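Positions 0 to 288 (numbering that gives the first Met the number 0) are the ones given, in order, by the sequence shown. From the three backbone atoms N, C-alpha and C, an ideal C-beta is built for every residue, glycine too. Only a predicted model underlies this, so the values are computations on that prediction, with no experimental measurement involved. To keep things clear, I will list the structure first and then write my remarks on it.
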Amino acid sequence: MSTITPQKRLKEFSSKPISIKKQKLVCDVCNIELDHQKKSSVLKHFSSEKHVKNESARETSRTLNFEEDPHNEFRRELVLAFSSANIPLHKLGNTRLNMFLNKYLKTGFNIPSTSAVRRLLPDVYETEFSHLKMFFNNSKVAVLCDETTDSMNRSVFQADPNVREARLPSGLVRGHAYTLTKVEEYDGNKLLRIRNPWGNEVEWNGAWSDNSSEWESLSESDRLDAGLIKVFDGEFWMCLEDFLEHWDSLQICHMTPESFSEHLLENESDNNNLEWHCTYFQSEWIRGK
């Protein structure tokens with residue numbers, strides 16, 4: 000029994016205008032089904048008078064369409080630019096963006112409406128897809144996705160529970176992005192307050208965790224000062240040594256004023272670390288002085 004599938008034949012003739020529809024190999028130019036089992040049959044079709052004529056007619060039609068409307072080439076490039084930058088085409092209806100593009104593009108054409116450029120999407124897609132097929136040809140392609148989530152912040156790909164998002168015996172989650180919210184030192188103990196973004200009961204259960212014996216060595220006032228609240232809120236403490244053992248990377252982010260919630264500001268109102276200070280100095284440099 001032959002092991003040739005439509006997919007294999009499509010890969011073999013990746014530069015040709017063919018596709019798979021309902022598990023059948025189809026010529027997009029002639030809109031007919033091809034016998035994917037026989038390579039000779041596929042080659043015969045591509046060299047047939049009908050196919051050559053149809054393919055030539057399609058290319059001529061594309062050229063004429065652009066020649067008839069000089070704006071089309073500009074519109075096509077606009078679609079490509081917006082698509083490459085992941086900008087929705089409906090943004091063309093934004094008055095400020097429209098004014099900005101008309102002012103700085105300097106093409107001699109007015110910025111088209113959303114409906115005008117949307118009509119070019121099928122042609123742009125088909126052209127770019129053909130270019131990709133020709134570029135990669137029979138080369139192997141790797142698709143890499145990192146921390147991909149949807150609009151509801153759900154993982155697009157089901158993570159391997161043995162590799163990522165796995166709950167470890169320590170209470171930590173493998174491959175998880177935690178936040179460092181505070182650092183303190185009590186009696187020589189360098190402690191870090193860390194938050195699990197899930198904000199639930201999944202917390203560190205080792206030394207200096209919510210219910211650990213280490214907290215008994217601190218006075219009630221020190222515990223209150225540290226903000227130790229024994230609730231399942233995803234926030235916990237751990238010593239520096241344990242932190243260095245369980246994490247191998249740390250990213251330092253610049254926090255904008257909008258990052259501070261009202262709750263945080265209320266609870267840290269006596270801490271000047273949350274205040275923003277601006278120092279402005281203006282002078283000039285004069286040669287020789």
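Taking the alpha carbon of residue 95 as the point to measure from, which residue in 18, 15 and 110 has its own alpha carbon closest?
Mapped onto the sequence shown, residue 95 falls at position 96. Cα-wise, what sits closest to residue 95 is 110.
For residue 240, is the classification buried or exposed, using 16 other Cβ atoms within 10 angstroms of its Cβ as the cut-off for buried?
Here residue 240 refers to the residue found at position 241 of the sequence shown. Exposed, since its Cβ has fewer than 16 Cβ neighbours within 10 Å.
Look at the Cβ atom of residue 123, then the Cβ atom of residue 88, and state whether they are nearer than 7 Å.
Position 124 of the sequence shown holds residue 123. Position 89 of the sequence shown holds residue 88. For residue 123 and residue 88, no; Cβs fall outside 7 Å.
Considering residue 100, what are the terminal residues of the beta strand (DSSP E) in which it resides?
Taking the sequence shown and counting its residues from 1, the one referred to as residue 100 is at position 101. No beta strand (DSSP E) contains residue 100, which is instead part of the alpha helix (DSSP H) from 94 to 103.
Taking the beta strand (DSSP E) that residue 18 belongs to, which residues open and close that run?
Working through the sequence shown from its first residue, we reach residue 18 at position 19. Residues 17 to 20.
Give me the Cα-Cα distance between residue 172 and residue 186, rounded to the nearest whole angstrom.
Taking the sequence shown and counting its residues from 1, the one referred to as residue 172 is at position 173. Taking the sequence shown and counting its residues from 1, the one referred to as residue 186 is at position 187. So the two alpha carbons sit approximately 29 Å from each other.
Considering only residues of the same chain and omitting the five flanking positions on each side of residue 6, which have a CB-CB separation below 6 Å?
Position 7 of the sequence shown, counted from the start, is the residue given in the question as residue 6. If we look at residue 6 and ignore the five residues flanking it on each side, it has no Cβ neighbours.
For my contact list, residue 201 and residue 233 are in at a C-beta cut-off of 8 Å; report their separation, rounded to the angstrom.
Taking the first residue of the sequence shown as position 1, residue 201 is located at position 202. Taking the first residue of the sequence shown as position 1, residue 233 is located at position 234. Between the beta-carbon of residue 201 and that of residue 233 there is about 7 Å, and that keeps the pair under the 8 Å contact cut.
Work out the CA separation of residue 100 and residue 13 for me, nearest whole Å.
On the sequence shown, position 14 is the one that residue 13 refers to. On the sequence shown, position 101 is the one that residue 100 refers to. Between the alpha carbons of residue 13 and residue 100 lies a distance of about 37 Å.
Counting beta carbon pairs with one atom in the stretch 43 to 53 and one in the stretch 13 to 28, are three or more of them shorter than 8 Å?
The answer is yes - the stretch 43 to 53 touches the stretch 13 to 28, with three or more Cβ pairs under 8 Å.
Secondary structure at residue 33, three-state DSSP: helix, strand or coil?
Your numbering for residue 33 matches position 34 in the sequence shown. If DSSP states are grouped into helix, strand and coil, residue 33 belongs with the strands.
Under three-state DSSP, which class holds residue 236?
The count along the sequence shown starts at 1 and reaches residue 236 at position 237. Correct three-state label for residue 236: strand.
Can you tell me whether residue 17 is buried or exposed, with buried defined as 16 or more other CB within 10 angstroms of its CB?
By 1-based counting over the sequence shown, the position of residue 17 is 18. Of the residues assessed, residue 17 falls on the buried side of the cut-off, its CB having 16 or more other CB atoms within 10 angstroms.
Could you check which residue in 31, 196 and 129 has the C-alpha nearest to that of residue 53?
One-based indexing of the sequence shown puts residue 53 at position 54. Considering only alpha carbons, the answer is 31.
Give every residue of the same chain whose Cβ lies closer than 7 Å to the Cβ of residue 90, excluding the five residues on either side of it in the sequence, and list them in chain order.
Locating residue 90 in the sequence shown gives position 91, where the first residue counts as 1. Cβ neighbours of residue 90 beyond the five flanking positions: 96.
Given that a residue counts as buried once 16 or more other Cβ atoms are within 10 Å of its Cβ, and exposed if not, what is residue 8?
Position 9 of the sequence shown, counted from the start, is the residue given in the question as residue 8. Residue 8 is buried by the Cβ-count criterion.
Can you name the residues that DSSP bridges to residue 171?
Residue mapping note: residue 171 aligns to position 172 of the sequence shown, counting from 1. Per DSSP, none; premise fails for residue 171.
What first and last residue would you give for the beta strand (DSSP E) that runs through residue 194?
What you label residue 194 is simply residue 195 of the sequence shown in a count that begins at 1. Residue 194: member of the beta strand (DSSP E) spanning 188 to 194, first to last residue.
Would DSSP call residue 177 helix, strand or coil?
The residue you call residue 177 lines up with position 178 of the sequence shown. Of the three classes helix, strand and coil, the one that applies to residue 177 here is coil, per DSSP.
Buried or exposed for residue 251, please, with buried defined as at least 16 other CB atoms from any protein chain shown within 10 angstroms of its CB.
As a working note, residue 251 is residue 252 in the sequence shown. Exposed: under 16 other Cβ atoms inside 10 Å.
DSSP on residue 24, reduced to helix/strand/coil?
As a first step, residue 24 must be located in the sequence shown, where it is residue number 25. In the structure shown, residue 24 adopts extended strand secondary structure according to DSSP, grouped into three states.
Looking only at its own chain, which residues have a Cβ that is under 8 Å from the Cβ of residue 49, when we skip the five neighbours before and after it?
Residue mapping note: residue 49 aligns to position 50 of the sequence shown, counting from 1. For residue 49, where only same-chain residues beyond five positions count, the Cβ hits under 8 Å are 29.
Inspect the beta-carbon positions of residue 208 and residue 235 and report whether they are closer than 7 Å.
Looking up residue 208 in the sequence shown gives position 209. Looking up residue 235 in the sequence shown gives position 236. For residue 208 and residue 235, yes; Cβs fall inside 7 Å.
Given a cut-off of 7 Å on the beta-carbon distance, is the pair residue 191 and residue 179 in contact?
For this step, residue 191 is matched to residue 192 along the sequence shown. For this step, residue 179 is matched to residue 180 along the sequence shown. Contact flag set, yes.
For residue 19, which residues of its own chain have a beta-carbon under 8 Å away from its beta-carbon, when the five flanking residues on both sides are left out?
In the sequence shown, counting from the first residue as 1, residue 19 sits at position 20. Same-chain partners within the cutoff: 5, 6, 9 and 25.
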